[in-house]
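Visitor: For reference, the structure I am asking about is given below.
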Amino acid sequence: MSESYTVAIIGTGGIANTHAGYYTASDRTEMVAGCDIDEERLNAFCDKHDIEHRYLDYETLLDEVEPEMVSVCTWNGTHMPISIAAIEAGAKAVVSEKPMSDELGGPLDAVALAEERGCHFVVHHQRRFAPGYNAAKRLIAEGALGETVSARMASGGGLLNIGSHLIDGCRWVLSDPGWTAVVGWIQRNTNRFERGSYAEEKTHALVEVEGGHEMTLSVDMVDLQKQRGFQVCGPAGVINIDRDQAVLIDAAGAHEPEADPQPGYLEELLAWMDGGPPHRNIASEALVAQQIMMAIYESARSRTRVEPPYEKRESPLEQMIHAGELPAEGESYDIRIEEALEWAMKQRGEV
3 MSESYTVAII GTGGIANTHA GYYTASDRTE MVAGCDIDEE RLNAFCDKHD IEHRYLDYET
63 LLDEVEPEMV SVCTWNGTHM PISIAAIEAG AKAVVSEKPM SDELGGPLDA VALAEERGCH
123 FVVHHQRRFA PGYNAAKRLI AEGALGETVS ARMASGGGLL NIGSHLIDGC RWVLSDPGWT
183 AVVGWIQRNT NRFERGSYAE EKTHALVEVE GGHEMTLSVD MVDLQKQRGF QVCGPAGVIN
243 IDRDQAVLID AAGAHEPEAD PQPGYLEELL AWMDGGPPHR NIASEALVAQ QIMMAIYESA
303 RSRTRVEPPY EKRESPLEQM IHAGELPAEG ESYDIRIEEA LEWAMKQRGE V
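When you number the sequence shown by this note's numbering, it's gap-free, plus one each residue, and the end is 353.
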């Protein structure tokens, strides 16, 4: 008989409902506890999902409930401290929201600890399950574009917020190659934040990866851009990709291949916990995307081409800001959640 697991949701904002949907749909998981620093938000979420135990701090939840699975749905800078605490508390699986963090030290520590403790640690880069991404992955693996390809990704929303999805998704369709070099440029003329983390205004980067492939990443280079573009080109054709479909354009015209059926996000995690292959969102893969993002910041800071291994623990973006290398004008503002900025500034003693 398959084992069942108790679940705690830490952070009960919008994305927590997606996580709750996974657990509600499975007869092998039971949500038993929720946690949030906002009691009204916590109670609304727990009432909606019929969750009994409610906490305003995660340490007490982990100590008293001892959940077997934990979803971390909080703000960027808190993902790894909470994930590490859950792993140390004995959780069998931890699902962290993206990005892993706004620096690299915490993700390095969390991945190492999960491997040491045997915790099934995944990061919620859910585009790896999208039909369009998987159709493109199959086409590229079959050689539809030729041997070497160039990926072009563009979006708004900040490097940590959306760039983590773009980089991870691109690595997925290219079968998760390692990176070999990064050249990055950023602009930050205003006091921009995203969920309480320092954020640049514009980013442009070239990422070279194994196999001779390359990624070109543009974030917020077009003001108020919302439409996200993802295109992979090779000597034999072009694939235009979105979450729902991939369209191959080659010498024979345009083709839209059928996507292969994909397992559910939680279904694949439970299969891994049952002894199956690792989840496609295993945190060690998300760590690569985190390293690439930090290398982009480091390239902008040092004005050099950055190559792996890259294990600088602190954020080069934060380093530049504190050193006065990115002087900014105007009041601080958050492009996603002002409450997160207010909370983060209190934690840093800036208010």
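Quick reminder that beta carbons are idealized off the backbone N, C-alpha and C, glycines included. Just so it is clear, the structure is predicted and the values come from calculations on it, not from any experiment.
Could you tell me the alpha carbon to alpha carbon distance between I39 and G13, rounded to whole angstroms?
Guide: I39 and G13: Cα-Cα distance of roughly 8 Å.
Visitor: Considering only DSSP beta bridges, list what V74 is partnered with.
Guide: Answer is I12 and S98.
Visitor: In angstroms with no decimal places, state the Cα-to-Cα distance between L106 and Q293.
Guide: Going from the Cα of L106 to the Cα of Q293 covers about 7 Å.
Visitor: Is it buried or exposed, T150, if we count other Cβ atoms within 10 angstroms and call 16 or more buried?
Guide: By the neighbour-count rule (16 or more Cβ atoms within 10 Å), T150 is not buried but exposed.
Visitor: Are the Cβ atoms of D405 and N136 separated by less than 8 Å?
Guide: Absent from the model: residue 405. The displayed extent of the chain is 3 to 353, so no value can be given.
Visitor: Apply the 10 Å Cβ neighbour rule to S73 and answer buried if 16 or more other Cβ atoms are within range, or exposed otherwise.
Guide: S73 is buried by the Cβ-count criterion.
Visitor: Kindly confirm or deny that the stretch 154-171 and the stretch 80-91 touch, where touching means at least three C-beta pairs closer than 8 Å.
Guide: Touching, no, given that fewer than three Cβ pairs across the two stretches are closer than 8 Å.
Visitor: DSSP three-state call for L272: helix, strand or coil?
Guide: In the structure shown, L272 sits in a helix (DSSP, three-state: H, G or I).
Visitor: For R230, collect the residues of the same chain with a Cβ closer than 6 Å to its Cβ; drop the 5 residues on either side in sequence, then sort them by chain order.
Guide: S157, listed in sequence order.
Visitor: Could you spell out where the beta strand (DSSP E) holding Y312 opens and where it closes?
Guide: That residue, Y312, is in no beta strand (DSSP E); it is neither H nor E in DSSP.
Visitor: Pair every Cβ in the stretch 330-337 with every Cβ in the stretch 184-203, then say whether three or more of these pairs are closer than 8 Å.
Guide: As far as the Cβ criterion goes, the stretch 330-337 touches the stretch 184-203, which means the pair count is three or higher.
Visitor: State the CB to CB distance for the pair H215 and P179, rounded to an integer number of angstroms; the pair is presumed to be in contact (CB under 8 Å).
Guide: Rounded, the Cβ-Cβ distance is 6 Å, consistent with contact.
Visitor: In terms of residues, what are the limits of the beta strand (DSSP E) holding H2?
Guide: Any question about residue 2 goes unanswered here, given that the chain covers just 3 to 353.
Visitor: Can you give the beta carbon distance from A261 to I188, rounded, assuming they're within the 8 Å contact cut?
Guide: Actually they are not in contact, since the Cβ atoms of A261 and I188 sit about 35 Å apart, beyond 8 Å.
Visitor: Using the Cβ count rule (16 or more neighbours within 10 Å means buried), how would you classify P237?
Guide: P237 comes out exposed.
Visitor: Near M3, what residues of its chain come up, given a Cβ to Cβ distance below 8 Å and the 5 sequence neighbours on each side ignored?
Guide: Legend: pLDDT at M3 = 48, less than 50; position of this residue unreliable, no value from coordinates given.
Visitor: Using DSSP with H/G/I as helix, E/B as strand and the rest coil, what is S199?
Guide: Strand.
Visitor: D252 bridges to which residues according to DSSP?
Guide: In DSSP, D252 forms a bridge with G239 and G255.
Visitor: Mind checking which residues open and close the beta strand (DSSP E) that includes G186?
Guide: W181 to Q189 is the span of the beta strand (DSSP E), which, as asked, contains G186.
Visitor: Taking just the CA atoms, how far does A253 sit from G108?
Guide: Going from the Cα of G108 to the Cα of A253 covers about 47 Å.
Visitor: Just to confirm, is the Cβ distance from A138 to V67 under 8 Å?
Guide: Contact flag unset, no.
Visitor: Terminal residues of the continuous beta strand (DSSP E) containing G332?
Guide: First-last of the beta strand (DSSP E) with G332: E331 to D336.
Visitor: Take E300 as the anchor and find which of P265, W274, V184 and I339 has the nearest alpha-carbon.
Guide: Of the listed residues, the one whose Cα sits closest to E300 is V184.
Visitor: Looking at the structure shown, is M296 part of a helix, part of a strand, or coil, going by DSSP?
Guide: In this structure, M296 counts as helix in the three-state DSSP scheme.
Visitor: Can you list, in chain order, the residues of its chain with a C-beta nearer than 6 Å to that of L268? Leave out the 5 residues immediately preceding and following it.
Guide: Taken in chain order, the residues that qualify are Y24 and S28.
Visitor: What does the alpha-carbon distance come out to for the pair V97 and M71?
Guide: The alpha-carbon atoms of V97 and M71 are separated by roughly 8 Å.
Visitor: In three-state terms, what does DSSP make of E149?
Guide: E149 falls in the coil class under three-state DSSP.
Visitor: Which residues does DSSP list as the beta-bridge partners of Q233?
Guide: For Q233, which the question treats as bridged, DSSP gives the partners R154 and N242.
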